[in-house]
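**Student:** Take this structure, written in structure tokens, and hold onto it; I'll ask about it next.
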């Protein structure tokens with residue numbers, strides 16, 4: 001059985017798709033067969049970030065409607081043979097998604113894959129709800145600013161009440177925090193919320209802090225998940241995220257200019 | 271298998287049932303206004319049992335027929351299961367329709383009209399509830415004034431004993447919790463969340479959202495929390511927004527209670 005991960009946030013533009021691409025690639029690079037699904041039907045983006053937009057023939061909706069088999073629609077990543085992408089349809093909208101259809105696709109993928117990463121659309125409507133419904137784990141992507149934190153909090157409420165695990169009274173979805181676009185200098189000057197402020201409101205297990213970095217944009221435009229850029233701080237931060245998710249103990253970095261600071265702060269707790 | 275002594279047993283139980291307080295004897299207007307409420311929340315009101323309170327009508331000496339009211343309610347899908355505050359003649363009409371009557375004490379009436387109005391508002395609001403913790407939204411949701419036991423034992427009313435509700439998960443933004451008795455929250459209550467109780471509210475963590483105690487008019491209800499950062503606190507309808515909570519009380523452990531319609535916030539030493 002695959003582990004189903006939803007990457008969600010409520011708010012748009014915080015880095016869900018970048019994160020989905022990065023962690024899917026990170027898991028796959030470690031030899032875990034991984035599929036990443038774009039739930040943003042109508043605003044297809046994941047294929048661009050993954051650099052496979054020119055190879056899209058069939059999409060998620062075709063599979064749900066039975067117009068294509070799952071194997072026809074899955075695109076194998078050109079950088080990593082363990083990674084497959086299921087793109088969204090650009091010509092349809094979220095109403096084309098059905099609870100039953102999504103469940104069927106996930107069931108089928110579960111037979112073959114170790115991890116399934118669901119890239120949620122923004123908002124709290126149908127697309128976002130279906131992306132999180134079947135999740136086992138949730139990566140809540142948050143920017144260090146109040147509206148993003150509030151929206152993440154809302155998303156956590158939905159995870160706790162509307163996911164399948166909640167409905168069936170099973171163990172709750174495991175929730176992790178990913179703080180993206182973090183700029184230590186702006187935190188210091190008070191323009192941005194600090195990690196402590198965010199944690200005060202969300203109190204989640206922190207999986208990683210992704211520093212604001214130009215390399216993210218460059219990587220997106222080039223269609224290469226940023227995690228493959230080992231020279232970039234953001235890439236290394238995502239690498240840490242994947243390692244921590246898989247149970248490795250790594251000190252948090254990029255939170256401050258001084259490296260050792262982090263170890264002192266979180267060494268005991270995480 | 272069945273031992274003769276266990277075929278049945280009598281127990282004393284308290285039920286909560288919505289009470290419909292009538293302020294007018296205009297049947298058409300009643301039907302119209304009920305229909306509007308029902309349209310707001312069709313599932314909530316479907317087959318809902320209720321007690322008809324006619325004390326106000328009798329006090330205003332308005333003339334009406336119990337039979338007519340009952341028929342109207344039944345026609346729009348409600349189950350009248352009791353009559354409160356009827357005259358002898360009205361009570362006998364009700365009994366002919368197999369509707370029990372509450373001949374009991376005439377309670378303090380001053381708050382009645384007010385309560386029913388408040389209750390309606392909550393009922394409408396409750397419907398949008400996305401919250402998880404509502405185990406039984408139907409019976410949990412609202413317009414509920416306590417009604418005496420004997421009445422509803424034979425009815426189809428969903429039975430909800432009053433007890434305190436304990437919530438251990440964080441109450442996140444957008445979630446809403448309603449407790450019929452006291453509400454105890456062990457985790458934080460986020461900004462944008464709403465917790466309501468007919469009794470007291472205890473939050474053993476940070477309270478950032480809205481907390482409304484005594485929502486059915488219980489003016490002696492109190493709110494306790496360890497860290498007050500609430501957007502709004504209210505007891506029996508009297509409220510303060512965060513703007514009106516003094517700085518000295520912010521982020522402090524406090525208790526909040528009502529004194530002569532004024533909300534008092536005290537630090538718990």
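Residue numbers (the working numbering), protein chains in the order written: chain A, 1 to 270; chain B, 271 to 539.
Ideal Cβ placement from N, Cα and C applies to all residues, glycine included.
#1: For chain A, is any of its Cβ atoms less than 8 Å away from the one on residue 460 (chain B)?
#2: Using a Cβ cut-off of 8 Å (strictly closer), state whether residue 153 (chain A) contacts chain B.
#3: Give the straight-line distance between the Cα atoms of residue 232 (chain A) and residue 213 (chain A), rounded to the nearest whole angstrom.
#4: Enumerate, from N- to C-terminal direction, the unbroken beta strand (DSSP E) stretches of 3 or more residues contained entirely within the stretch 185-232 of chain A.
#5: Is it true that the CB of residue 531 (chain B) sits closer than 8 Å to the CB of residue 508 (chain B)?
#6: Can you pull the DSSP bridge partners for residue 526 (chain B)?
#7: Does the CB of residue 275 (chain A) have a neighbour CB from chain B at under 8 Å?
#8: Sort out for me which residues DSSP pairs residue 472 (chain B) with in a bridge.
#9: Under 7 Å Cβ-Cβ, which residues of chain B neighbour residue 156 (chain A)?
#10: Could you tell me whether any Cβ in chain A is nearer than 8 Å to the Cβ of residue 445 (chain B)?
#11: Indicate whether at least one CB of chain B lies closer than 8 Å to the CB of residue 213 (chain A).
#12: Determine the burial state of residue 514 (chain B): buried for a count of at least 16 other Cβ atoms within 10 Å of its Cβ, exposed for fewer.
#13: Could you please give the first and the last residue of the uninterrupted beta strand (DSSP E) stretch that includes residue 251 (chain A)?
#14: Please say whether residue 196 (chain A) and residue 443 (chain B) have beta carbons closer to each other than 8 Å?
#15: Taking 7 Å as the limit between beta carbons, can you name the residues of its chain near residue 229 (chain A), skipping five residues before and five after?
#16: Can you find a C-beta in chain A that's less than 8 Å from the C-beta of residue 288 (chain B)?
#17: Using only the alpha-carbon positions, how far apart do residue 109 (chain A) and residue 90 (chain A) sit?
#18: Label residue 528 (chain B) either buried or exposed according to how many other C-beta atoms from any shown protein chain fall within 10 Å of its C-beta, with 16 as the threshold for buried.
#19: Classify residue 280 (chain B): buried if its beta carbon has 16 or more other beta carbons within 10 angstroms, exposed otherwise.
#20: Any Cβ of chain A within less than 8 Å of the Cβ of residue 363 (chain B)?
#21: Out of curiosity, what's the CA-to-CA distance linking residue 404 (chain B) and residue 447 (chain B)?
#22: For chain B, find out if any of its Cβ atoms is closer than 8 Å to the Cβ of residue 165 (chain A); answer yes or no.
#23: Spatial neighbours of residue 321 (chain B) within its chain, please: CB distance less than 6 Å, with the 5 preceding and 5 following residues excluded, ordered by chain position.
#24: Does the beta carbon of residue 520 (chain B) sit closer than 8 Å to a beta carbon anywhere in chain A?
#25: Residue 439 (chain B) touches chain A at which residues, Cβ-Cβ below 9 Å?
#26: Are residue 134 (chain A) and residue 102 (chain A) closer than 8 Å when you measure CB to CB?
#27: Is it the case that the stretch 355-370 of chain B contacts the stretch 296-305 of chain B, given that we only count it when at least three CB pairs across the two stretches are under 8 Å?
#28: May I have a chain-ordered list of the alpha helix (DSSP H) segments no shorter than 4 residues that lie completely inside the stretch 141-175 of chain A?
#29: In this structure, does DSSP put residue 25 (chain A) in helix, strand or coil?
#30: Cβ of residue 470 (chain B) within 8 Å of Cβ of residue 452 (chain B)?
#31: Can you confirm whether residue 312 (chain A), when its beta carbon is compared against all beta carbons of chain B, has any partner nearer than 8 Å?
#32: Near residue 78 (chain A), which residues of its chain fall below 8 Å by C-beta distance, leaving aside the five closest residues on each side in sequence?
#33: Over what stretch of residues does the alpha helix (DSSP H) that includes residue 449 (chain B) continue unbroken?
#34: Near residue 181 (chain A), what residues of its chain come up, given a Cβ to Cβ distance below 6 Å and the 5 sequence neighbours on each side ignored?
#35: With three or more C-beta pairs closer than 8 Å as the rule, is the stretch 156-163 of chain A touching the stretch 37-52 of chain A?
**Tutor:** Reading off the structure:
#1: yes
#2: yes
#3: 8 Å
#4: 205-211
#5: yes
#6: B:493, B:535
#7: Only positions 1 to 270 of chain A appear in this structure, which leaves residue 275 (chain A) out of reach.
#8: B:454, B:494
#9: 442
#10: yes
#11: no
#12: exposed
#13: Run containing residue 251 (chain A): none; DSSP gives neither H nor E here.
#14: no
#15: 215, 219, 235
#16: no
#17: 22 Å
#18: buried
#19: exposed
#20: no
#21: Confidence at residue 404 (chain B) is low in this model, with a pLDDT of 38, below 50, so its placement is unreliable and the value that follows should be read with caution. So the alpha carbons of these two residues sit roughly 7 Å apart.
#22: no
#23: 287, 289, 352, 354, 417
#24: no
#25: 160, 172
#26: yes
#27: no
#28: 146-162, 164-167
#29: helix
#30: yes
#31: This structure cannot settle anything about residue 312 (chain A), because the visible part of chain A is limited to 1 through 270.
#32: 51, 52
#33: Segment 446-449 is the beta strand (DSSP E) holding residue 449 (chain B); no alpha helix (DSSP H) there.
#34: 143, 212
#35: no
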